[in-house]
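Sequence order for the protein chains is D and A. Residue 165 in the working numbering sits at position 156 of the first sequence; the count goes up by one each step and never skips. Residue 291 in the working numbering sits at position 290 of the second sequence; the count goes up by one each step and never skips. To start, the structure under review is shown below, and the notes come after it.
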Amino acid sequence: MTSRSVPQWPDAAPAPPPAGRCWTVFDLAARGTTARDWHRRLTVAGLDAELVTVPEPQLTGWIEALPPAFGELASRRHVGWRVAAVGPEHAVLALRACAVEAGLMDAELHLHADRRTHRRVYCPHCGATTLAAGDRFRCAGCARTLLVHDHVSLSSGRYLGSVDTPDAAPGAAR
Amino acid sequence: MTGDDRLTVAAVEQTTVDVRSYVLTSHRPLRPYEPGSHLVVGLDGVRTCYSLTDDGTAPDAYRISVRRTGRGGLSDALHDTVRVGGQLSVSGPRSAFPPVPHARHHLFVAAGIGITPILSHLGAARRWGRSCSVVYGYRSGAAAHLELVRRLAGADLVEAPGRTALASAVAEAVERQPVGTHLYACGPRAVLDLVTDRCAAAGWPPERVHVEHFTAPDLDAGAPFEVLVRSSGRRLPVPAGVSLLEVLERDGVAVDHLCRTGVCGRCRIGVLAGTPEHRDLVLPAALRDAADRMYPCVSRAGTAELELDL
Ligand code: FES
């Protein structure tokens, strides 16, 4: 599993480059009008762009259903297809994982997290994924209390959790 | 094999009117190689790279195919002098055109004798069950390995007799490749330019397009310039029509090299000051502005002087 430190996102979302042939822009409960602006820019640049909007209340369920849904979408596209997404980090990282699984490379992805509200965390003990709001949380699979580490798996879009011990501090393990 | 080794010519086969295939064997076990690898063949002090045509798994022999160019050179010399039972001095195999491990699909484009590395890729894709398709452009009646390519590729082959047919086959193919496809092309420069142009127009990121040149372009003589060799402090003039590599060699500065045509990347040297004028085929497009390195067998200076890290 490839992992790296927590991604750093710039404050302002950079616009997608007018590259590729066609685009799908995902508005994942994004703040403001970023996704719509991107979609308009791409369309004005003469690219075939579609906008997919996921409202906040539906986001969690949408992420759960994403792996097969994204695979199905990708199977109907060709090389030349680009994907853009903006929204909270856990949703953007989940989408990135599905995009890479479908064969897209970073050059074909334009991603921006406009906030970090939750993190999807992998429990190395039971393998469950929990949507955690803070640094310390209860695993949805085995009910252990876990700490979130500053490591993200790029292939799954999940942070790594570990059992909370008295001398462990959130984010201390690297 | 690491250094030069002598291999026995076990068989020579006339593949087309101007292409011969050579089967090279050794009493020692032959090293497996990645698909798309080449062998460096030397004859009378001249060395040239030839693609190995098998898939590279547990090779019983090294097979290369050589096209007579009619312009002299090593390929013609091989046709003229090498017979069954003879020996050839080779080094390698070297991998410079490998498949991308995570590709979802492989699109192979070959033109003319450019089929040789593609045949290796195709064989490996079939052996390991990797998804692939092939576009093969050739002159009618002069298609090397056509029967083998047909047998291996089956329904995944598009044959394009002639340049016009190849251009439209490529244009059509790059428009409808599944997400995650990587393209590999080998052929003359005009075909490779066509492939990269078509891919760019269809929105392919350059990272998905892998090309192998088999002929270096003819280069002009270039303007004279001067180099400063860091270690010795010597200043050497490089006249028009003489390569920097030759100037360095004549002055006793050893630079490792192989192809002398800007294809193999072996002669790379560091540049400390001044701006090189890159004329090689090694540097990827994104590094064409690099000022810290150059290939002196073909590249020259964009400034009056270069300081070399030698
Ligand atoms: S010797 Fe091959 S690139 Fe210079």
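Beta carbons are placed, not taken as given, at the ideal position from N, Cα and C, and that holds for glycine. Since this is a predicted model, take the numbers as computed values, not measurements.
Can residue i and residue j be called in contact, C-beta distance under 9 Å?
i	j	result
D/F146	D/V95	no
A/G138	A/A166	yes
A/L1	A/L25	Past the edges of chain A, shown from 2 to 311, lies residue 1 of chain A, and the structure says nothing about it.
A/C187	A/I270	no
D/G41	D/D123	yes
A/R177	D/A111	no
D/R153	D/A141	no
D/A22	D/H99	no
A/A143	A/E160	no
A/E308	A/V228	yes
A/A12	A/V47	no
A/S134	A/G163	no
A/G204	D/G89	yes
A/G181	D/L113	yes
A/G124	A/L158	no
A/R115	A/V42	Here the sequence assigns Gly to residue 115 of chain A, which means Arg is not the residue at that position. Cβ atoms of A/G115 and A/V42: not closer than 9 Å.
D/R45	D/P27	no
A/H80	A/R21	yes
D/G136	D/C107	no
Classify residue i: buried if its beta carbon has 16 or more other beta carbons within 10 angstroms, exposed otherwise.
i	result
D/E59	exposed
A/H28	exposed
A/T16	buried
A/R199	buried
A/L273	exposed
A/E213	buried
D/V63	buried
A/S233	exposed
A/W129	exposed
A/V210	buried
A/D55	buried
A/S300	buried
Between residue i and residue j, which are expected to be in contact by the criterion C-beta below 8 Å, what is the C-beta distance as a whole number of angstroms?
i	j	result
D/R91	D/W32	5 Å
A/V264	A/L282	5 Å
A/V136	A/V101	Wrong, their Cβ atoms sit about 18 Å apart, outside the cutoff.
D/P97	D/H134	So it is not a contact: roughly 26 Å between Cβ atoms.
A/A286	A/P207	6 Å
A/V230	A/L311	5 Å
D/V15	D/V161	6 Å
A/D19	A/R68	5 Å
A/S76	A/D5	That pair is no contact at about 19 Å.
D/Y131	D/G170	6 Å
A/Y23	A/V110	Their Cβ separation, rounded to whole angstroms, is 25 Å, which puts A/Y23 and A/V110 out of contact at 8 Å.
Counting only the same chain and skipping the five closest in sequence on each side, list residues whose C-beta sits under 6 Å from that of residue i.
i	result
A/P99	E35 and G37
D/H119	P25 and A93
D/P179	Because the pLDDT at D/P179 is just 48, under 50, the model does not fix this residue reliably, and the value given afterwards should be weighed accordingly. Contacts found: D144 and L156.
A/T276	A292, G303 and T304
D/E117	R91
A/V175	R199, C200 and A203
Quick one: Cα of residue i to Cα of residue j, how far?
i	j	result
A/P179	D/R86	7 Å
A/H279	D/L155	55 Å
A/T262	A/E306	22 Å
A/A59	A/E14	22 Å
A/A201	A/A126	25 Å
A/A224	A/L245	12 Å
A/S132	A/L108	9 Å
A/L31	A/H122	19 Å
D/Q17	D/D159	12 Å
A/S90	A/A62	15 Å
D/R30	A/T49	40 Å
A/D194	A/P238	34 Å
D/A181	D/Y168	Reliability fails at D/A181, whose pLDDT of 43 lies under 50, so the model's placement of it is uncertain and the value that follows must be treated cautiously. The straight-line gap from Cα to Cα measures roughly 14 Å.
D/C151	D/V172	11 Å
A/V85	A/P297	37 Å
A/H65	A/Y51	In the sequence as presented, His is not what sits at residue 65 of chain A; that position holds Ile. Spanning the two alpha carbons is a distance of roughly 6 Å.
A/G242	A/D252	17 Å
D/I72	A/V196	38 Å
D/C148	D/A39	27 Å
A/R151	D/V101	44 Å
A/L284	A/D221	19 Å
A/H146	D/P77	41 Å
Excluding the five sequence neighbours on either side, which residues of its own chain have a C-beta within less than 7 Å of the C-beta of residue i, listed in chain order?
i	result
A/S96	Y34, E35, G37 and S38
A/G87	V10
A/V254	V230 and L311
A/P240	P225
A/L53	Y34, S38, H39, L40, Y63, R64, I65, P94 and S121
I'd like the list of long-range same chain contacts for residue i, defined as Cβ closer than 8 Å, with 5 residues on each side in sequence excluded.
i	result
D/T11	Reliability fails at D/T11, whose pLDDT of 46 lies under 50, so the model's placement of it is uncertain and no value is given.
A/R289	H279
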